[in-house]
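Q: Here the protein sequences come in this chain order: F and A.
So the first sequence is numbered by my numbering: it starts at 1 and just counts up by one.
So the second sequence is numbered by my numbering: it starts at 125 and just counts up by one.
Ideal Cβ positions, reconstructed from N, Cα and C, are used throughout, including at glycine.
Keep in mind it's a predicted model, so treat the numbers as computed, not measured.
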Amino acid sequence: MVRALVIDDSRALRSLMGRMLRDLGFEVVEACHGKDALERIREGAPPTIALVDWNMPEMNGLEFVRSLRQDDTFKDVLVMMVTTETEATQMVSALDAGANEYLMKPFTREALVEKLDLLSIEHA
Amino acid sequence: MSLSETDFDYVRTLVKERSAIVLEPSKTYLVDSRLTPIVRKLNLGSISDLVARMRSERFGEVHRTVIEAMTTNETSFFRDVHPFEAFRTKIVPELMAARASERALTIWCGACSSGQEPYTIAMLLRDSFPELGNWRVQILATDLSTEILDRAKRGVFSQLEVNRGLPAAMLVRHFTRQGLEWQVSEALRNMITFRELNLIEAWPGMPRVDVVFMRNVLIYFDIPTKKDILAKVRQLMRPDGYLFLGGAETTMNLDDAFERVQLDKTGCYRLREAAERRPGYATA
Ligand SMILES: C[S@@+](CC[C@H](N)C(=O)[O-])C[C@H]1O[C@@H](n2cnc3c(N)ncnc32)[C@H](O)[C@@H]1O
Numbered sequence: 001m002v003r004a005l006v007i008d009d010s011r012a013l014r015s016l017m018g019r020m021l022r023d024l025g026f027e028v029v030e031a032c033h034g035k036d037a038l039e040r041i042r043e044g045a046p047p048t049i050a051l052v053d054w055n056m057p058e059m060n061g062l063e064f065v066r067s068l069r070q071d072d073t074f075k076d077v078l079v080m081m082v083t084t085e086t087e088a089t090q091m092v093s094a095l096d097a098g099a100n101e102y103l104m105k106p107f108t109r110e111a112l113v114e115k116l117d118l119l120s121i122e123h124a
Numbered sequence: 125m126s127l128s129e130t131d132f133d134y135v136r137t138l139v140k141e142r143s144a145i146v147l148e149p150s151k152t153y154l155v156d157s158r159l160t161p162i163v164r165k166l167n168l169g170s171i172s173d174l175v176a177r178m179r180s181e182r183f184g185e186v187h188r189t190v191i192e193a194m195t196t197n198e199t200s201f202f203r204d205v206h207p208f209e210a211f212r213t214k215i216v217p218e219l220m221a222a223r224a225s226e227r228a229l230t231i232w233c234g235a236c237s238s239g240q241e242p243y244t245i246a247m248l249l250r251d252s253f254p255e256l257g258n259w260r261v262q263i264l265a266t267d268l269s270t271e272i273l274d275r276a277k278r279g280v281f282s283q284l285e286v287n288r289g290l291p292a293a294m295l296v297r298h299f300t301r302q303g304l305e306w307q308v309s310e311a312l313r314n315m316i317t318f319r320e321l322n323l324i325e326a327w328p329g330m331p332r333v334d335v336v337f338m339r340n341v342l343i344y345f346d347i348p349t350k351k352d353i354l355a356k357v358r359q360l361m362r363p364d365g366y367l368f369l370g371g372a373e374t375t376m377n378l379d380d381a382f383e384r385v386q387l388d389k390t391g392c393y394r395l396r397e398a399a400e401r402r403p404g405y406a407t408a
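1. Does the region 212-229 of chain A come close enough to the region 169-184 of chain A to have 3 or more Cβ pairs within less than 8 Å?
2. Out of curiosity, what's the CA-to-CA distance linking F/L62 and A/E271?
3. Use the C-beta contact count for A/K350: other C-beta atoms within 10 angstroms, 16 or more gives buried, fewer gives exposed.
4. Look up A/C392 in the DSSP assignment and give the residues it is bridged to.
5. Can you tell me whether A/I245 is buried or exposed, with buried defined as 16 or more other CB within 10 angstroms of its CB?
6. Apply the 10 Å Cβ neighbour rule to A/E226 and answer buried if 16 or more other Cβ atoms are within range, or exposed otherwise.
7. I want to check one thing, is the minimum distance from the CB of A/C392 to the heavy atoms of ligand 1 below 7 Å?
8. Take the Cβ of F/M81 as the centre, count every other Cβ of all protein chains shown within 10 Å, and call the residue buried at 16 or more, exposed below.
9. Does DSSP classify F/L78 as helix, strand or coil?
10. Using a threshold of 7 Å, is the CB atom of A/S237 nearer than that to any non-hydrogen atom of ligand 1?
11. Any heavy atom of ligand 1 closer than 7 Å to the beta-carbon of A/G370?
12. Could you tell me how far apart the beta carbons of A/L369 and A/G234 are, in whole angstroms, since I believe they sit closer than 8 Å?
13. So which residues of chain A does F/F107 contact, with C-beta pairs closer than 7 Å?
14. Specify, as a first and last residue, the run of the alpha helix (DSSP H) that A/S282 falls within.
15. Check whether the Cβ of F/D117 lies closer than 8 Å to any Cβ atom in chain A.
16. Cβ-heavy atom distance between A/L268 and ligand 1 below 7 Å?
17. Please tell me whether, using a cut-off of 7 Å, the distance from the CB of A/I272 to the nearest non-hydrogen atom of ligand 1 is below it.
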């Protein structure tokens, strides 16, 4: 099964995204901030994809992506920022830090599916 | 608001005659919900009043507005992904080789709605084929609805729209943010010619085309109309050109001159002789 890591400090959003991803056939692991995610990601096989919120306590999404990308074990993990931050400059810094896609909140199920399709094609 | 049978019939006939779109009787709710805003805007009391007004006037602005309101404009960037992937990886390289001496490429979106489809094509060409910079590349985008064409030309999209199917890297490269909306760069807007064209009328001034995108529009038409349109498409297409239809559309049982070819994960259509001349393609 394809693993997805959902990182968001909002429990409601985590479970919403978790549900959408499980419906799509993913096995979902949840984490509530970047630090938590860096621990969980080492339990078991690396996920195929990580959905990462930006603003979180302890370690924010951008910091998480930066430290993830420093570890070669996780170089193939596809990272999609999922955030209310919508400035072009923020998108650029996330992409520069190593994120592969960006989804703005709020989003629909369709939008999520379309972005996942894009990722699977761009990184086939 | 509720709709009488005679009013529904009037709207159905009007829409069918002018756009070829077939409204099933089960779609009365759609007429209701889409015409109510027009009733309000014109300060009329009911849909009955609106129909009475259209009956009493010559065909004009009000009729057009009603027809446009009844069309479905649903679209998104990179809709269904695979057609655009095949376009980028197979079709454009092949056509560039075939057109190397004339250095010209013409692409037509035959029902472009608010523009996501032609802008997707423009972004792909610009990002993946810089060599085309000194070719004559024409992207022609047409639609029945002048209102939607105005939107397409402006190239301003809501956050919800750019969130759908558009790679983030392309968003930051080709759009600028204006408050809650995003506008396509002038360079991309200049690559596309937007023009009004009703598919069921004559198609004056249309060039020969290399690739036709006619997606998610035939589905609204009855069989004779689909046949007519496909016959006209066939005449515009260069013999080695390609046609893309929507996911739920086909030329099968409508026009034998087309043959379906499978390009990776998408199906598209070629003129039969062209497909036969190229045995390398799997046909399905
Ligand atoms: C569902 S949209 C498809 C947009 C785009 N091709 C896509 O696949 O995403 C259908 C479009 O067809 C246009 N349309 C409907 N009847 C038409 C006609 N008779 N001639 C030209 N365009 C028409 C509508 O205005 C609408 O923008």
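A: To lay it out plainly:
1. Judged by Cβ distances under 8 Å, the region 212-229 of chain A makes no contact with the region 169-184 of chain A, as fewer than three pairs qualify.
2. Taking the first residue of the first sequence as 1, we reach residue 62 of chain F at position 62. Taking the first residue of the second sequence as 1, we reach residue 271 of chain A at position 147. If I take the Cα positions, the gap works out to 41 Å.
3. Taking the first residue of the second sequence as 1, we reach residue 350 of chain A at position 226. Buried is the call here.
4. For the purposes of this step, residue 392 of chain A is taken as residue 268 along the second sequence, with counting starting at 1. Paired residue(s): A/V385.
5. Indexing the second sequence from 1 puts residue 245 of chain A at position 121. Under this definition A/I245 is a buried residue.
6. Looking up residue 226 of chain A in the second sequence gives position 102. Exposed.
7. As a working note, residue 392 of chain A is residue 268 in the second sequence. Result no, Cβ not under 7 Å from ligand 1.
8. As a first step, residue 81 of chain F must be located in the first sequence, where it is residue number 81. Label assigned to F/M81: buried.
9. Working through the first sequence from its first residue, we reach residue 78 of chain F at position 78. In the structure shown, F/L78 sits in a strand (DSSP, three-state: E or B).
10. For the purposes of this step, residue 237 of chain A is identified with residue 113 of the second sequence, where counting begins at 1. Flag set: Cβ of A/S237 near ligand 1.
11. Counting from 1 along the second sequence, the entry for residue 370 of chain A is found at position 246. Yes - ligand 1 has a heavy atom lying nearer than 7 Å to the Cβ of A/G370.
12. Counting from one through the second sequence, the residue named residue 369 of chain A turns up at place 245. Counting from one through the second sequence, the residue named residue 234 of chain A turns up at place 110. At roughly 10 Å, the Cβ-Cβ gap does not stay under 8 Å, so A/L369 and A/G234 are not in contact.
13. Residue numbering aside, residue 107 of chain F sits at position 107 when the first sequence is read from its first letter. By Cβ distance, chain A contributes N287.
14. What you label residue 282 of chain A is simply residue 158 of the second sequence in a count that begins at 1. No alpha helix (DSSP H) holds A/S282; the beta strand (DSSP E) holding it covers V280 to S282.
15. The residue you call residue 117 of chain F lines up with position 117 of the first sequence. Contact with chain A is found for F/D117, since one of that chain's Cβ atoms lies less than 8 Å from the residue's Cβ.
16. As a first step, residue 268 of chain A is located in the second sequence; it is residue number 144 there, counting from the start. Yes, since a heavy atom of ligand 1 falls inside the 7 Å radius drawn around the Cβ of A/L268.
17. Mapped onto the second sequence, residue 272 of chain A falls at position 148. Correct: A/I272 has its Cβ closer than 7 Å to ligand 1.
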